[in-house]
Amino acid sequence: MATSAPAGSSSLAALRHRFRGWMLEGLADMAAHHPGPHAGPRSAHEGQRWWRVMCLTGVDYFSTLGYQPGIAALAAGLLSPVATVVLVIVTLAGALPVYRRVAKESPHGQGSIAMLERLLSFWKGKLFVLTLLGFAATDFLITITLSAADAATHLVENPHLTSALHDKQMIITIFLVALLGAVFLKGFLEAIGVAVVLVGLYLCLNAVVVVVGLGHVLTASHVVPDWTRALTTEHGNVLAMVGVALLVFPKLALGLSGFETGVAVMPHIEGDPGDTEERPVGRIRGARKLLTTAAVIMSVFLIITSFITTLLIPAEAFKPGGPANGRALAYLAHEYLGSAFGTVYDISTIAILWFAGASAMAGLLNLMPQYLPRYGMAPHWARAVRPMVLVFTLIAFLVTWIFDASVDAQGSAYATGVLVLISSAAIAVTIAARRAGEHGWTIGFALIAVVFVYTTVANVIERPDGVKIGACFIAGIILLSFISRLARAFELRVTSVVLDGMAERFIRDIAHRKIRFIANEPDQRDVAEYRDKLQQIRTDNDLPVEDDFIFVEVTVKDPSEFESEMRVRGEVLHGRFRVLALESAAVSNALAALLLHVRDATGARPHIYFEWTEGNPFAQFLRFFLFGQGEVAPVTREVLREAEPNRERRPRVHVG
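Residue numbering for the sequence shown follows numbering that gives the first Met the number 0, beginning at 0 and increasing consecutively.
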């Protein structure tokens, strides 16, 4: 009598199946906006107006007003306005032209990393990209944790709540990070409408604070003279002030954030009716408007806010634990506009800082799945949103705990990530201009690159913690990437097999008999090579002379690539030897893919014959892992075993 499975176990299995389906549903939401280079013309209604998309990147860029004036005051003291002017000049004359060029060269959201990826090949290119991804992860993840920490600071320092929440900074920050993760787990394609409301409200409230602050500076006749007198006493003359401001400027690099995010959101911008993914002219034009408008708005606010906060807030209030630390403009809002307005300002700041984390999370989900899975350096589930959201959220928890939810402590790591990415962008556009023969732009971009490299080096020397944190991210990404690639080494790694006319004719002809292939490593490709190889295989395997064979030769082009389309070319050499020539990243995986393709096309199980490879097995495996060659026969058999569990349908591998 048959027994059925317990109802509880079947329902539990169904629940696990639904949960797995929910977790792995779809690819990264942001990546869904990249139809690829061969997509057809875009409809005119696709995408959003550039100024609306600007608000999506603006929740990251403009939200730095929540803490930038305070950080500038801590770093530069009385010179904060002068140092901020230097920052604005670098922004408008340096970062802005660079990223306008990046928008033209890489309009699909990958930014300067994609530009630099094209310059290098093989493993050195992959390692370089992994390094840049490490700094990008530093930038975006610290954006999440730093913004959440500053949002918690605004909440804790609110006069109505400070007594109840004064020791809850860590808990509030972790809660905000968890809430952000929950939003993305639920499903987050884009929140441009919410971003427009938040950015519009936040900029309006900041404009009110700025106007009132300027009014107090102008009406209090002693404020400006006291400031200029103190500056002269401390620094002597204008040249000395400018010199010190140039030295202090790298500490203000947080004010340069937002440009990478601005490029990352490009795929959301509405293009012209005739735009294609290969030539998105309208999208590029809109992205340039976005970058320029955001930079100008931010520059105006940075200069004015650094001026009024330096003149109106006591220096002691900026120090750690002070009421203006990490919330200088909120301090002025409460001081000069009352508790009610100050509370509204705090709520607006908390909301935009929290949503700045959303912008950074979207950037991570856009960037990482475009590289790591394609390199074979992340599991398949890394292409799905929800598993990656969990990974990034857990890392954000760890970073928050390490830095004790401190805005000041995270500033160096954030600045390092921002500056490395901007420096790499400046170098990328310099190379692009040089290759295009644009000598004037080449010199200009080279000078900008020098400025940003200097700024990066100065920031690292002054605050080495930033590069240490970046190095931890890089080491973690490289280590996990190689572990993942090792675990996936025996996957098929061929997205599709395309045979030319001659190759198809070979397969059709041999399908009427026993399908036998000989794996051959091409050398001189002369008559003796094929004659001797054929004789050796027949002798080793005791095969009759009348049996028919086709040689298969794989040429490894770039062993650092993980998966790609495989094209098969048929040739007749020396009037008698039929050869299938393949190009792939790995010999064994290519041979396995060909065998499975032939089996599916003909309905017959093909046979392939190898000679043993001489040498240490471990050394041969390393050759396979790094260079796509090595001990070919057993690896081909293992790839086939993983791809086809049924032994009765699996192509046969013979070694003699």
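Every residue, glycine too, gets a C-beta built ideally from N, C-alpha and C.
Reduced DSSP secondary structure (H/G/I, E/B, other) of residue i
i, result
"residue 109", "coil"
"residue 494", "strand"
"residue 146", "helix"
"residue 11", "helix"
"residue 606", "strand"
"residue 635", "helix"
"residue 352", "helix"
"residue 507", "helix"
"residue 651", "strand"
"residue 91", "helix"
"residue 401", "helix"
"residue 548", "coil"
"residue 371", "coil"
"residue 444", "helix"
"residue 168", "helix"
"residue 484", "helix"
"residue 468", "helix"
"residue 500", "helix"
"residue 117", "coil"
"residue 489", "coil"
"residue 640", "helix"
"residue 523", "coil"
"residue 515", "strand"
"residue 562", "coil"
"residue 68", "helix"
"residue 646", "coil"
"residue 159", "coil"
"residue 462", "coil"
"residue 40", "Unreliable positioning characterises residue 40 in this predicted model, as indicated by a pLDDT of 36, which lies under 50. A coordinate reading is not provided."
Reference residue i, options the options, closest by Cα
i, options, result
"residue 99", "537, 428 and 510", "428"
"residue 148", "356, 206 and 652", "356"
"residue 568", "437, 68, 500 and 544", "500"
"residue 178", "305, 130 and 396", "396"
"residue 551", "561, 511 and 506", "506"
"residue 131", "503, 460, 651 and 366", "366"
"residue 154", "323, 575, 586 and 599", "323"
"residue 593", "95, 636 and 447", "636"
"residue 448", "418, 477, 384 and 466", "418"
"residue 659", "352, 412, 183 and 571", "Nothing about residue 659 can be reported from this structure: the residues present for the chain run from 0 to 655 only."
"residue 573", "284, 129 and 525", "525"
"residue 577", "509, 522, 599 and 632", "509"
"residue 575", "164, 528 and 555", "528"
"residue 87", "194, 105, 251 and 196", "251"
"residue 335", "308, 498 and 315", "308"
"residue 474", "127, 66, 11 and 205", "127"
"residue 541", "638, 405 and 653", "653"
"residue 199", "90, 152, 56 and 216", "56"
"residue 140", "224, 278, 285 and 391", "391"
"residue 546", "52, 556, 533 and 557", "533"
"residue 443", "430, 11 and 337", "430"
"residue 656", "405, 420, 234 and 495", "Because residue 656 is not part of the residues shown, which for the chain are 0 to 655, the question remains open."
"residue 93", "328, 426, 579 and 462", "426"
"residue 477", "465, 296, 370 and 410", "370"
"residue 451", "212, 90 and 649", "90"
Per DSSP, cross-strand counterpart(s) of residue i
i, result
"residue 581", "553 and 567"
"residue 534", "None, per the DSSP bridge assignment."
"residue 173", "Residue 173 is not bridged to any residue."
"residue 409", "Paired residues: none, contrary to the question."
"residue 47", "268"
"residue 572", "576"
Worksheet item: Would you call the region 602-609 and the region 515-526 in contact, with 3 or more CB pairs under 8 Å?
Response: yes
Worksheet item: Does the region 103-117 touch the region 256-270, meaning 3 or more C-beta pairs lie closer than 8 Å?
Response: yes
Discussion item. With three or more C-beta pairs closer than 8 Å as the rule, is the region 114-132 touching the region 271-290?
Written reply: no
Discussion item. At 3 residues or longer, what runs of the beta strand (DSSP E) sit wholly inside the region 215-267?
Written reply: none
Worksheet item: Quick one: complete alpha helix (DSSP H) runs, 4+ long, within the region 271-348?
Response: 280-311 and 314-317
Worksheet item: Quick one: any contact between the region 138-148 and the region 161-177, if contact means 3 or more CB pairs under 8 Å?
Response: yes
Item to complete: Could you tell me whether the region 552-571 touches the region 487-495, where touching means 3 or more Cβ pairs closer than 8 Å?
Response: yes
Worksheet item: Would you say the region 461-473 touches the region 431-448, given that touching needs at least three Cβ pairs under 8 Å?
Response: no
Worksheet item: Contact between the region 235-244 and the region 66-84: three or more CB pairs below 8 Å?
Response: yes
Discussion item. Between the region 327-345 and the region 200-215, can you find at least three pairs of beta-carbon atoms closer than 8 Å?
Written reply: yes
Worksheet item: At a cut of 8 Å, does the region 52-69 reach the region 216-231 through at least three beta carbon pairs?
Response: no
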